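Colleague: Take the sequence shown: its letter number 29 is residue 34 in this note's numbering, and every next letter is one higher.
Note that beta-carbon positions come from the ideal geometry of N, C-alpha and C, so glycine has one too.
Owing to the predicted nature of the structure, the values given are computational and were not obtained by experimental measurement.
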Amino acid sequence: MADYRIISADSHIVEPPDMYTARFAPKLRNRAPHMERRKTPAGREYDAWMLEGQQVGTLGAVMQAGQRFEDPSQIDFLGVWEDVRKGAYDAAAMLVENEEDGIWGSVLQPSQGLFWYRVPDSELLSEICRCYNDWIADFCKPHPDRLKGIAMLNVDDPDAAASELERVAKLGIVGSFIPVGRDRVDRGREIDHRLLGALLAGVDAVRRRV
């Protein structure tokens with residue numbers, strides 16, 4: 006019998022359709038990302054994430070984990086919510102599926118959330134991050150020893166990012182990630198040592214206080 010526990014360090018949830026519409030601040034609620042059932046020109050239905058009238062992601066793109074190892078020819082970027090495994094959005098079901106695979110616990114990342122860093126409006130991005138952070142904290146809360154959430158941070162304002170990290174640390178979040186790609190440069194804010202230094206100073210303060 007093994008005397009150690011296996012932890013998945015890079016598991017992903019699949020964001021439910023109402024993650025943002027149910028949590029957005031009232032003043033921004035009409036801009037919240039939402040899931041919409043759409044059709045291809047051939048009439049096939051699929052679910053897509055919509056933001057400000059634009060399709061910004063398809064559900065099928067984030068619900069086919071492992072397909073590339075089983076049969077890459079069957080990878081399909083279309084899909085509907087009813088086909089998402091319950092373990093991708095329900096904590097109890099996730100633990101059951103983990104145990105079937107010999108996994109004791111998981112460190113959790115978003116799926117569609119990774120693409121929101123392309124959003125140019127900083128206020129909107131911060132609200133998206135806040136809603137995700139609240140949701141993942143609630144998801145992990147019943148099983149804090151086995152499910153660990155990672156926060157989304159908008160680093161446009163390092164002080165605000167540090168404040169958000171302190172807030173979610175009190176909710177049980179154990180870490181965060183930040184974008185490092187060209188999207189931030191294109192928005193006129195390059196991620197450099199000065200910005201990271203300010204953020205890391207905030208992180209250090211959070212570590213001392215929480």
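Apart from the five residues just before and just after Arg-10, which ones in its own chain have a Cβ nearer than 8 Å to its Cβ?
Modeller: So the list reads Trp-109 and Gly-110, once near-sequence residues are dropped.
Colleague: Are Leu-170 and Ile-18 closer than 8 Å when you measure CB to CB?
Modeller: Cβ distance not < 8 Å, so Leu-170 and Ile-18 don't count as in contact.
Colleague: Which of helix, strand or coil does DSSP assign to Leu-176?
Modeller: Three-state DSSP puts Leu-176 in coil, outside helix and strand.
Colleague: Hey, would you say the C-beta of Glu-169 is under 7 Å away from at least one heavy atom of the ligand FAD?
Modeller: This structure simply doesn't include the ligand FAD, nor any ligand for that matter.
Colleague: Under a Cβ-count criterion, where at least 16 other Cβ atoms within 10 Å of its own Cβ denotes burial, should Asp-52 be classed as buried or exposed?
Modeller: Burial call: buried.
Colleague: Quick one: what does DSSP say Glu-50 is sitting in, helix, strand or coil?
Modeller: Strand, per DSSP.
Colleague: Touching or not, the segment 41 to 49 and the segment 134 to 151, by the rule of three or more beta carbon pairs under 8 Å?
Modeller: Short answer: they don't touch.
Colleague: Going by beta-carbon coordinates alone, are Ser-131 and Ala-174 separated by less than 8 Å?
Modeller: Not a contact, by the Cβ cut-off of 8 Å.
Colleague: What residue range does the alpha helix (DSSP H) around Met-68 cover?
Modeller: Segment: none, Met-68 is in no alpha helix (DSSP H) and carries neither H nor E.
Colleague: Counting Cβ pairs closer than 8 Å, one from the segment 117 to 126 and one from the segment 78 to 93, do we hit at least three?
Modeller: Judged by Cβ distances under 8 Å, the segment 117 to 126 makes no contact with the segment 78 to 93, as fewer than three pairs qualify.
Colleague: Which residues in the same chain as Gly-92 place their Cβ atom closer than 6 Å to its Cβ, once the five residues preceding and following it in sequence are excluded?
Modeller: Cβ within range, chain order: Ala-98, Met-99 and Glu-102.
Colleague: For the alpha helix (DSSP H) holding Val-124, just list the boundary residues, first then last.
Modeller: From DSSP, Val-124 is part of no alpha helix (DSSP H); its letter is neither H nor E.
Colleague: Could you compute how far the alpha carbon of Ser-13 sits from the alpha carbon of Gly-177?
Modeller: Those two C-alpha atoms are separated by around 18 Å.
Colleague: Just list the residues that DSSP pairs Arg-42 with in beta bridges.
Modeller: BP columns for Arg-42 point to Asp-52.
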